[in-house]
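Engineer:
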Amino acid sequence: MALPQPLRTSVSPQELELIASEQLVEILPLITMEKTAFISGAYGPLRPPAKCRIPLWMAVNLKVKKKCHIIPPDWLNVEFLQERLSRETSYPEFSQMPFRFAEIAKAILDAAPDDVQNAEKVRSLLKDLREARQAKSREGLAKLDHSELSLPNLCSMEINELRPFFIHAMGVLTQLSREEQNGAAEEP
Amino acid sequence: MVYLAPPQLASAARPSYGEAYSNVLARHRRSPLTSASSVILLVAPDVDALCAARMLAELLSQDDVMHRIIPVSGIAELEAMKDELATYNELHTLILINMGAILDLPSPTWFGEFSTELTVHVVDSNRPQNLGSLFGGGDIGDRIVVWDDGEAENMEEERRAWEALEAQPDSDEESVSSSEDEVPFQSQDVVSESSRKRKVPIDNGHSKTKRQKVNPNQMSRDERLHHQSVVDKHYARGSWYSQSASATIYILATILERADRDLLWLAILGLTYQYISSRISRDAYDKFHSIYYDEVTRLNPLPPGTKSTADAITALSPDDLSIRATEEFRFTLFRHWTLYDAMFHSSYVAGKLGIWKERGRKRLTGLLAKMGFSIPQTQQLYTHMDLDLKHQLRVKLDAIAPEYGLVELTYPSFIRCFGYRAPPLSAADAVEATSALLDIAGGVRIEVEVEGARHGGEWFGGGRVWKTRRDDSAKAMPSDNDVTQGGREEDGLVAEERTEVPWWMRNFWAAYDALTDIHSLRDALSLSMSLHRAIIRQGTTIIDKQDIRTMRSHRVVVLSQGPDLALFAHPGVLSRLAHWLIDALRDKLPGTKFTQGKKSLPFVLACLNESTSTYIVVGVMGALEFGDVRKNEFGLAFINAKDRCNARSSHNSFNTSVLEIDREDLKMFLEALCEVGEGY
Chain A
74 MALPQPLRTS
84 VSPQELELIA
94 SEQLVEILPL
104 ITMEKTAFIS
114 GAYGPLRPPA
124 KCRIPLWMAV
134 NLKVKKKCHI
144 IPPDWLNVEF
154 LQERLSRETS
164 YPEFSQMPFR
174 FAEIAKAILD
184 AAPDDVQNAE
194 KVRSLLKDLR
204 EARQAKSREG
214 LAKLDHSELS
224 LPNLCSMEIN
234 ELRPFFIHAM
244 GVLTQLSREE
254 QNGAAEEP
Chain B
4 MVYLAPPQLA
14 SAARPSYGEA
24 YSNVLARHRR
34 SPLTSASSVI
44 LLVAPDVDAL
54 CAARMLAELL
64 SQDDVMHRII
74 PVSGIAELEA
84 MKDELATYNE
94 LHTLILINMG
104 AILDLPSPTW
114 FGEFSTELTV
124 HVVDSNRPQN
134 LGSLFGGGDI
144 GDRIVVWDDG
154 EAENMEEERR
164 AWEALEAQPD
174 SDEESVSSSE
184 DEVPFQSQDV
194 VSESSRKRKV
204 PIDNGHSKTK
214 RQKVNPNQMS
224 RDERLHHQSV
234 VDKHYARGSW
244 YSQSASATIY
254 ILATILERAD
264 RDLLWLAILG
274 LTYQYISSRI
284 SRDAYDKFHS
294 IYYDEVTRLN
304 PLPPGTKSTA
314 DAITALSPDD
324 LSIRATEEFR
334 FTLFRHWTLY
344 DAMFHSSYVA
354 GKLGIWKERG
364 RKRLTGLLAK
374 MGFSIPQTQQ
384 LYTHMDLDLK
394 HQLRVKLDAI
404 APEYGLVELT
414 YPSFIRCFGY
424 RAPPLSAADA
434 VEATSALLDI
444 AGGVRIEVEV
454 EGARHGGEWF
464 GGGRVWKTRR
474 DDSAKAMPSD
484 NDVTQGGREE
494 DGLVAEERTE
504 VPWWMRNFWA
514 AYDALTDIHS
524 LRDALSLSMS
534 LHRAIIRQGT
544 TIIDKQDIRT
554 MRSHRVVVLS
564 QGPDLALFAH
574 PGVLSRLAHW
584 LIDALRDKLP
594 GTKFTQGKKS
604 LPFVLACLNE
614 STSTYIVVGV
624 MGALEFGDVR
634 KNEFGLAFIN
644 AKDRCNARSS
654 HNSFNTSVLE
664 IDREDLKMFL
674 EALCEVGEGY
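The listed protein sequences correspond, in order, to chains A and B.
Quick note on numbering: the working numbering labels position 96 of the first sequence as 169, and the sequence is numbered without any gaps.
Quick note on numbering: the working numbering labels position 38 of the second sequence as 41, and the sequence is numbered without any gaps.
1) Rounded to the nearest angstrom, how far is the Cβ of serine 514 of chain B from that of leucine 441 of chain B, given a contact under 8 Å?
2) For glutamate 161 of chain B versus histidine 230 of chain B, is the C-beta spacing smaller than 7 Å?
3) Residues bridged to arginine 130 of chain B by DSSP?
4) I'd like to know whether the C-beta of proline 102 of chain A is nearer than 7 Å to at least one C-beta of chain B.
5) Can you tell me whether methionine 69 of chain B is buried or exposed? The criterion is at least 16 other CB atoms within 10 Å of its CB, across all chains shown.
6) Work out the CA separation of glycine 363 of chain B and glutamate 500 of chain B for me, nearest whole Å.
7) Do you know how far the Cα of glutamate 663 of chain B is from the Cα of isoleucine 144 of chain A?
8) With DSSP run on the structure shown, which of helix, strand or coil describes alanine 115 of chain A?
9) Measure the CB-CB distance between serine 616 of chain B and arginine 552 of chain B and report whether it falls below 7 Å.
10) Is the shortest distance between the beta-carbon of proline 186 of chain A and the beta-carbons of chain B less than 7 Å?
11) Rounded to whole angstroms, what's the CA-CA distance from asparagine 303 of chain B to leucine 524 of chain B? Just pull it up for me.
12) So, is the C-beta of aspartate 322 of chain B closer than 7 Å to a C-beta in chain A?
13) Please classify valine 245 of chain A as buried or exposed, where buried requires at least 16 neighbouring CB atoms within 10 angstroms.
14) In this structure, how does DSSP classify isoleucine 177 of chain A when only helix, strand and coil are distinguished?
15) Got a sec, what are the start and stop residues for the alpha helix (DSSP H) isoleucine 538 of chain B sits in?
16) Note down, in chain order, all residues in the stretch 413-428 of chain B with a beta-carbon under 9 Å from any beta-carbon belonging to chain A.
17) Check whether the stretch 72-83 of chain B and the stretch 280-288 of chain B are in contact - that is, three or more C-beta pairs closer than 8 Å.
18) Closest by CA to arginine 419 of chain B, which one among B:Glu406, B:Ala328, B:Gln382 and B:Lys360?
19) Could you tell me which residues DSSP pairs with threonine 598 of chain B in its beta bridges?
20) Under the rule that 16 or more other beta-carbon atoms within 10 Å means buried, what is glutamate 80 of chain B, buried or exposed?
21) Going by beta carbon distance, what residues of the same chain come within less than 6 Å of leucine 99 of chain B, once the five residues before and after it are set aside?
22) Is the Cβ of glutamate 193 of chain A closer than 7 Å to any Cβ of chain B?
23) Here's a check: name, in chain order, each residue in its chain whose Cβ is nearer than 6 Å to the Cβ of leucine 103 of chain A, leaving out the five neighbours to either side.
24) Any contact between the stretch 242-259 of chain B and the stretch 604-612 of chain B? By contact I mean 3 or more CB pairs, one from each, below 8 Å.
25) Applying the 10 Å Cβ sphere with the 16-neighbour rule, what's the burial state of alanine 115 of chain A?
26) Specify whether the stretch 579-586 of chain B and the stretch 668-679 of chain B touch according to this definition: at least 3 beta carbon pairs, one from each stretch, less than 8 Å apart.
27) Going along the chain, which unbroken runs of the alpha helix (DSSP H) with 4 or more residues stay wholly within the stretch 30-105 of chain B?
28) Less than 7 Å between CB atoms is the rule here; does glutamine 132 of chain B satisfy it with respect to chain A?
29) For the structure I just gave you, are there three or more beta carbon pairs, one from the stretch 644-651 of chain B and one from the stretch 621-631 of chain B, closer than 8 Å?
30) Candidates B:Trp150, B:Val149, B:Phe138 and B:Asp145: which alpha carbon is nearest arginine 170 of chain B's?
31) Determine whether the beta carbon atoms of leucine 158 of chain A and aspartate 201 of chain A lie at a separation below 7 Å.
32) Among the candidates B:Ser110, B:Phe114 and B:Leu106, whose CA atom is the shortest distance from the CA of aspartate 86 of chain B?
33) So for isoleucine 144 of chain A, helix, strand or coil by DSSP?
34) On the DSSP bridge list, what partners appear for tyrosine 288 of chain B?
35) Look up tryptophan 150 of chain B in the DSSP assignment and say whether it is helix, strand or coil.
36) Who are the near neighbours of leucine 259 of chain B in its chain, counting only those whose CB is closer than 8 Å to its CB and skipping five residues on each side?
Written out as structure tokens, the structure reads:
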């Protein structure tokens, strides 16, 4: 992003959303379109009422112009998220979630809330999930040491959140541990 | 030329709205010079046009067509705009919304000289339409497309008459007069020209018969007179309104199968505006209402199990943006005021109870007391009223109001929920807020009441000068001390911006934005309330002082002093005052025949604009029954009177019954107007 150097600590969420929008999603087109070549690949043909897989960016664009209906991915519904949330709150490890679930969920809920069943419940479940995982990553950061930080099943937005902190923190810890080693080497 | 029949009359050979629209799209995609100026919408400043423009803009942006919206306030503006448009060479579609029906568009004064690439679409609810635009053919005429609602089907006689007249311009005077079928700048001289035309054949009667012997293909004089009278009758009936522009665009959206809730809501607003401002009768309103009712049930399926109490409409969920049908009371803005205020400020109730006298006000409190509302309850804002009272309101009103002569208190309308962001807003309230923004959002200082200012509340004595909601909402905070000082500072800042953009254009954009932004719309409700208060103040003063002068065929009121004079110098506000007076005095005054046709209540209001030293004159025809409308004959009458007395005047809006006249000429003009009534 075109931010000045001092502000460029990490990737911004909008950039992450852009990267995530490359993923394919299923739609129900309302218009016909031939197989068209885009920079990232050729998509289509769109023949209503047959479903088609196109990138998320294109799906959102068509949806805004009321030319398609987005079919939410199979993890974006109340039952799946409810089950993951209960797993999240009962076990200390992070539960398995699609890597870019936060960005994809946001894009779909913003553009097509009417295509998602029970959209408010989904939103509130996503919020609960985020808070649960946030609590866990805070605890997990305490285990930070100079060489590694292992937090399995962390997702793209969460990694991005932590990145500036643990890069800097790891640097400091490495310095500290090196001085310790030097100190220990010099002692005897 | 092409008048588009509405879709129900369309067939393969007769194009309709859908085809016209797809032509616009095809042009846009085909043309190599496509830019943002290829499709231009010229929009008149009224709520219906605003809604139609918004709907059309939405449809166009869904189809990725770049377009521009330009507000135009009057014929003069349109002339200037036309000259500017002649210089755009990438322009290929021009859409006129709620303007231009009366203008002879194929003529050289208007769009006759433009390139053959240009198509002009006219989506207008004003009637009568110019016959040249409707039926004119040929190369130039084909480029004018009038989106009609089916009435042109019934104009066969006018069509034949017009075509006959156009085909046979024989004598020099007659050819001159028939080519003057155009509407020149500065006056809608159609009828004065045609009245001149009518005199001509009579004078040249004998020369015509001579020529007749020479040319046997000539029409007989009788035929010509007959055709002439048909054409004149078409124009001389007065002006009225037909299918709203937003309804036309909604029909287009339905054909394209892209109708959705937002478009439906805007169409409902257009229709409600026409009804509330007495442009259409109750029957016409009901007809369209039933269409929209079906659409609402189609597009807004209520989840099963919700008990729909029409009085207690709340949003079902945070994303609930649905539209529901309700029975709306005739009290203006009654959900935002106290019940007493709402009844006090509605013109229907005011007329029946005689609100301007103390006796009338007592009757009002008596009515409320009979219904079981205690006085503190009626002085509460509606939102704070007891729930059970709210539910019983309709039942009680139906039971008790007929005793006071208030029979038609409700009419079916719609209400829209906005999720959890704002309370639901009814169509009538939205229309009131938007038209208040259009009329007076900027350009005049008006104080709005701050909640809690009454009865010794915490902001007692403090009003706040209304400012259009801006991004820095700090400016919109109420200043309880020293309103004037704050106002002066603001004015200093704002005055610089104001010189660049005319006030009506800023109002237009403020209203345009407010159509979709619920928070600005709700803010504008307080503006609308102040406007109503001012209208009541002025109206009661007029009635109390018995300022209404009765002429032989109409009534005149001249406003030359008063606290709200600057406010009433706007034609929109002045027309509202006129309608209020008509509603209030409907039962007390006998109807008169103005020039022709049925009995009605013609009212002429003139208000002094001190800054320009002119009078704004507005002519309104009220019908004798509530819910009915009359064709407005003042347009022609004004022109005739103006010609007779050679007053200096100008028409500044698209409404032919609004006139701006020099201060000194007013008396002469009013006298000439009386003569018009007699001897037409």
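Note that CB positions come from ideal geometry on N, CA and C, so glycine has one too.
Structural biologist: So, from the data block:
1) Before going further, note that residue 514 of chain B is alanine rather than serine in the sequence given. Yes, alanine 514 of chain B and leucine 441 of chain B are in contact; Cβ-Cβ is about 5 Å, under 8 Å.
2) no
3) B:Trp243
4) no
5) exposed
6) With a pLDDT of only 43 at glutamate 500 of chain B, under 50, the local geometry of the prediction cannot be trusted, and the value read off the model is given with reservation. Distance between the alpha carbons of glutamate 500 of chain B and glycine 363 of chain B is about 46 Å.
7) 59 Å
8) strand
9) no
10) yes
11) 23 Å
12) yes
13) exposed
14) helix
15) 521-547
16) none
17) no
18) B:Ala328
19) DSSP output for threonine 598 of chain B lists no bridge partner at all.
20) buried
21) Leu45 and Val125
22) yes
23) Pro121, Lys140 and Cys141
24) no
25) exposed
26) no
27) 50-65 and 78-88
28) no
29) no
30) The identity of residue 170 of chain B in the sequence shown is alanine, whereas the question assumes arginine. The residue with the shortest Cα to Cα distance from alanine 170 of chain B is B:Phe138.
31) yes
32) B:Phe114
33) strand
34) Its beta-bridge partners do not exist; DSSP assigns none.
35) strand
36) Gly21, Tyr24 and Leu62
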